[in-house]
Amino acid sequence: MENYNPSSIEKKWQDIWDEKGTFYASNDSDKEKFYSLIEFPYPSGKGLHVGHPRPYTALDVVSRKRRLEGYNVLYPIGWDAFGLPTENYAIKNQIHPRIVTEKNVAKFKEQLKSLGFSFDWSREINTTDPEYYKWTQWIFLKLFEKGLAYKKEVPINWCTDCKVGLANEEVVNGVCERCNGEVVQKVKNQWMLKITEYAEKLIKDLDLVDYIDRVKIQQKNWVGRSEGMEVDFEIAGKGEKLRVFTTRPDTLFGATYMVISPEHPMIKEYASDINNMDDIENYKIEAGKKSDFERTELNKDKTGVEIDGLKAVNPVTGKEIPIWVSDYVLMSYGTGAIMSVPAHDTRDWEFAKKFNLPIVEVVKGGDVDKEAFVDISTGVMTNSDFLDGLKVEDAKKKISDWLEEKKLGERKINYKLRDWVFSRQRYWGEPIPLVYCEKCGWVPVPEEELPITLPEVEKYEPSETGESPLANIRDWVETTCPKCGGHGERETDTMPQWAGSSWYFLRYTDPNNSEALASEEALKYWLPIDWYNGGMEHTTLHLLYSRFWHKFLYDIGVVNVPEPYQKRTSHGMILGENNEKMSKSRGNVVNPDEIIEEFGADTLRVYEMFIGDFEKSVPWSNNGVKGCRRFLDRVWRLQDILEDGDNYSKELESNMHKTIKKVTEDYESLKFNTAIAALMSLINDFNSNKKVNKAEMKTFLILLNPVAPHITEEMWTLLGYQGMLNEANWPEFDEDKTVDDEIEMAVQVNGKVRGKIIIPVDADKNIANEKAMADDNIKKFIEGKNIVKEIFIPGKIYNIVVK
Ligand code: ANZ
Ligand code: ZN
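Everything in the sequence shown is counted per numbering that gives the first Met the number 0, starting at 0 for the first residue and increasing by one.
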């Protein structure tokens with residue numbers, strides 16, 4: 000027999016699968032469907048990273064297994080190809096981003112193919128393809144039609160040197176990633192999507208799906224639902240109110256001052272009453288330079304200015320309290336004003352300490368001279384008149400009812416979630432299909448004119464004024480108004496990269512449809528996605544955005560299920576050998592091409608699945624790779640000890656059933672590493688018996704196939720099993736035969752465990768005694784003494800009492 004030589008095997012099978020369309024899914028099948036999805040890659044110039052194959056192999060394993068189990072499996076692939084790195088590369092090298100994209104896609108595709116993934120390549124999609132983005136634009140028009148897209152002035156990051164708007168990820172430590180220039184906030188009129196309208200559903204419908212806990216938690220935190228009250232404080236002597244949002248109305252008696260955001264409109268309104276306007280104006284300018292994140296950071300040094308000339312009145316104590324301006328209160332949340340309760344809120348406490356403001360304890364349980372007491376589960380109300388003695392939750396209810404009755408406030412639910420800034424002043428994105436007409440305002444492009452394609456331009460840089468480069472192409476911009484036929488101008492902003500990835504999984508079901516984003520039947524057949532795996536870095540934005548679009552499409556009747564992904568899991572990162580994140584600058588990057596070249600794709604696949612707990616980050620190890628290659632060498636050499644046999648041999652029967660059970664279950668529960676370990680241990684048993692029969696070998700090859708598809712398919716053919724392995728049936732196990740026929744039992748002497756014995760499950764006391772006496776340690780405690788009693792419970796316990 001020749002040695003195992005993956006390079007001669009792997010390409011051969013990849014070509015056969017391609018030629019036969021082995022992994023093409025059918026839209027018309029009697030089998031049960033299974034739709035597995037990975038996050039389609041962004042084809043960057045750097046090519047595939049060893050991190051990519053981890054999730055791809057995992058779902059490839061599941062997909063291949065499900066096919067063998069008789070499912071009609073859709074495991075698609077495509078390209079999320081709009082985006083900044085490509086655009087920046089194009090600007091730098093003056094190459095059209097389309098050409099850059101084509102080149103990168105070709106490279107990625109070659110790499111993915113060399114890993115032998117069972118993708119349905121006939122459904123490959125590309126978000127930059129006009130036939131694809133036609134439907135991205137169509138969805139935008141629907142959102143516009145339903146009033147969910149609107150224009151608003153919002154601050155964007157602006158590089159003062161490049162004169163261009165930057166995405167958040169392009170601002171590194173407060174400076175422009177490209178030129179290190181100063182970045183300021185600049186207000187621009189942008190298209191927004193009303194994702195906030197779906198805030199409640201985005202939380203509530205998490206009950207309908209099976210996501211791992213940490214993903215659900217992140218989704219919930221990002222939406223940030225907060226139940227509380229809006230309460231009115233009178234502005235002393237003005238007869239007008241200052242409204243706050245609070246989640247702790249129970250602490251109202253402890254509100255000793257108020258804080259408003261530097262951007263609060265009341266400052267302008269009462270300018271003539273305020274004696275220190277200059278200080279406040281200056282403070283506002285400084286605050287404008289900080290991000291919301293910096294402003295609300297817990298342990299930042301608190302700053303602020305007291306408003307000289309205005310006071311507020313606490314509605315329950317009737318006391319006049321000062322009003323301060325501070326940047327830790329954001330205008331964009333709640334009402335932009337708060338009641339400060341320094342005794343029970345950490346930020347307020349720090350602020351009060353710094354500016355010497357009174358701290359009044361209203362919840363007993365801590366020491367508010369030392370720190371804010373924020374525990375709401377154990378505290379009891381004090382210094383609070385009619386609330387005294389109540390627990391926090393009861394006090395909350397009582398004061399809320401009281402305030403509502405007196406018309407001093409009302410219950411309110413707030414969300415952290417903000418509407419989605421949807422405009423980019425960029426070239427390499429989907430044009431927003433709207434026309435501006437002096438007479439008619441914003442007018443949608445008629446559906447039959449879609450797609451609005453990107454015009455050819457010479458420069459990809461944004462214009463001097465920060466408009467997208469499209470603004471310079473006058474004959475593209477100037478058009479006629481679809482409504483009145485008068486002069487119109489196209490919107491020159493493009494969509495963010497998030498757009499194309501918000502619905503791509505729908506297109507896979509019917510990728511060549513020119514009449515609709517996908518046919519009703521295809522969507523009905525394939526949705527929801529049965530299993531979606533992706534990185535934790537996408538569990539906030541991408542997952543939320545795509546769920547939002549999906550829910551919108553559900554509401555307008557395009558899709559028939561309210562949630563796109565039935566199940567969502569997530570993988571850990573692969574780190575460099577030095578345990579740091581892989582990066583060029585750290586010099587710890589491993590190139591998958593080289594691993595495949597030296598060891599083979601199957602080895603890389605086995606290694607990526609064996610490397611450790613799938614959900615945790617793990618460092619790469621070249622030794623680990625070698626170990627996996629040795630495992631496959633051993634698999635190959637099983638051919639040397641192969642014997643005839645149509646049934647599992649007696650000595651291996653139980654082991655075979657146990658292994659089938661373990662592998663079957665572990666592949667479905669992200670425990671790829673322990674599944675592989677079970678297969679490794681089965682090989683050891685074959686080898687120590689110096690034989691494996693054809694029935695055992697067959698099962699072994701099928702079990703290993705999802706992880707190492709090339710070597711198993713090759714051996715299947717060499718050994719003369721029928722057809723191709725990918726057409727075989729997943730082996731079944733007999734639950735009874737997976738139960739151990741020998742067990743380990745603890746032996747106690749006078750109630751203390753002195754050793755363990757291995758006996759058949761149905762062994763009696765005599766056999767147990769014999770075994771126990773053969774154990775030196777147990778014997779030591781019995782020898783020379785009288786056995787007065789023996790307690791033997793079969794399968795459970797053996798206790799010997801001696802004197
Ligand atoms: C009084 C109080 C007493 C508060 C107490 C908390 C604890 P979440 O859960 O985030 O909704 N707040 C309200 N609007 C704010 C704004 N625009 N900027 C900064 N902080 C703001 O938290 C709501 C709480 O955050 C509110 O409840 C308010 O402080 C503060 F013992 O009111 B609280
Ligand atoms: Zn018009």
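Even for Gly, the Cβ is constructed at its ideal location relative to N, Cα and C.
query                                                                                                                                                                                        : result
For the alpha helix (DSSP H) that contains residue 524, what are its first and last residues?                                                                                                : 519-525
Kindly examine the ligand ANZ and report whether one of its heavy atoms sits closer than 8 Å to the Cβ of residue 126.                                                                       : no
Which of the three DSSP states, helix, strand or coil, is assigned to residue 380?                                                                                                           : strand
Can we count residue 329 as close to the ligand ANZ, meaning its CB is less than 8 Å from some heavy atom?                                                                                   : yes
Within the present structure, is the beta-carbon of residue 244 separated from the nearest heavy atom of the ligand ANZ by less than 8 Å?                                                    : yes
Does DSSP put residue 294 in a helix, a strand or coil?                                                                                                                                      : helix
From the DSSP output, in three-state form, read off residue 736 for me.                                                                                                                      : helix
Tell me whether residue 360 sits in a helix, a strand or coil according to DSSP, three-state version.                                                                                        : coil
Along the chain, where does the beta strand (DSSP E) containing residue 7 start, and where does it finish?                                                                                   : Note, residue 7: premise wrong, no beta strand (DSSP E); alpha helix (DSSP H) at 5-19.
State yes or no: is the C-beta of residue 333 nearer than 8 Å to some heavy atom of the ligand ANZ?                                                                                          : yes
Starting from residue 807, follow the alpha helix (DSSP H) in both directions and report where the run begins and ends.                                                                      : Not covered by the structure: residue 807. The range shown for the chain is 0 to 802.
Can you list, in chain order, the residues of its chain whose CB lies under 8 Å from that of residue 307, leaving out five sequence neighbours each side?                                    : 273, 274, 275
Hey, is the stretch 26-43 in contact with the stretch 585-603, meaning 3+ C-beta pairs nearer than 8 Å?                                                                                      : no
Relative to the C-alpha of residue 290, which candidate in 184, 241, 388 has its C-alpha closest?                                                                                            : 184
Sorry if obvious, but does the Cβ on residue 337 come closer than 8 Å to a heavy atom of the ligand ANZ?                                                                                     : yes
Would you say the beta carbon of residue 413 comes nearer than 8 Å to a heavy atom of the ligand ANZ?                                                                                        : yes
Out of curiosity, what's the CA-to-CA distance linking residue 447 and residue 614?                                                                                                          : 46 Å
Using 8 Å for Cβ pairs, my map puts residue 75 next to residue 116. What's the rounded Cβ distance?                                                                                          : Their Cβ separation, rounded to whole angstroms, is 11 Å, which puts residue 75 and residue 116 out of contact at 8 Å.
Touching or not, the stretch 367-378 and the stretch 331-349, by the rule of three or more beta carbon pairs under 8 Å?                                                                      : yes
Kindly indicate which residue of 51, 27, 124, 3 has the alpha-carbon position closest to the one of residue 502.                                                                             : 124
Cβ atoms of residue 692 and residue 643: under 9 Å apart, would you say?                                                                                                                     : yes
Pick from 217, 266, 317: whose alpha carbon is nearest that of residue 256?                                                                                                                  : 317
Short check: CB of residue 375 to CB of residue 392, under 9 Å?                                                                                                                              : yes
Can you name the start and end residues of the alpha helix (DSSP H) that residue 186 belongs to?                                                                                             : Note, residue 186: premise wrong, no alpha helix (DSSP H); beta strand (DSSP E) at 182-192.
Cβ of residue 571 within 9 Å of Cβ of residue 587?                                                                                                                                           : no
Flag this pair as yes or no: are the beta carbons of residue 230 and residue 242 separated by less than 9 Å?                                                                                 : yes
Mind checking whether the beta-carbon of residue 250 lies closer than 8 Å to any heavy atom of the ligand ANZ?                                                                               : yes
Where does residue 292 land, buried or exposed, given buried means 16+ other C-beta within 10 angstroms?                                                                                     : exposed
Beta-carbon separation of residue 800 and residue 780 under 9 Å?                                                                                                                             : no
The ligand ANZ and residue 302: does any heavy atom of the ligand fall closer than 8 Å to the residue's C-beta?                                                                              : no
Just to confirm, is the Cβ distance from residue 430 to residue 488 under 9 Å?                                                                                                               : no
Determine the direct distance from the alpha carbon of residue 135 to that of residue 164, and round the result to whole angstroms.                                                          : 23 Å
Start and end of the alpha helix (DSSP H) containing residue 164?                                                                                                                            : It is not in any alpha helix (DSSP H) - residue 164 instead sits in the beta strand (DSSP E) that spans 163-165.
Decide if residue 178 is buried, meaning its Cβ has at least 16 other Cβ atoms within 10 Å, or exposed.                                                                                      : exposed
Pick helix, strand or coil for residue 375, following the three-state DSSP scheme.                                                                                                           : coil
Give every residue of the same chain whose Cβ lies closer than 8 Å to the Cβ of residue 537, excluding the five residues on either side of it in the sequence, and list them in chain order. : 38
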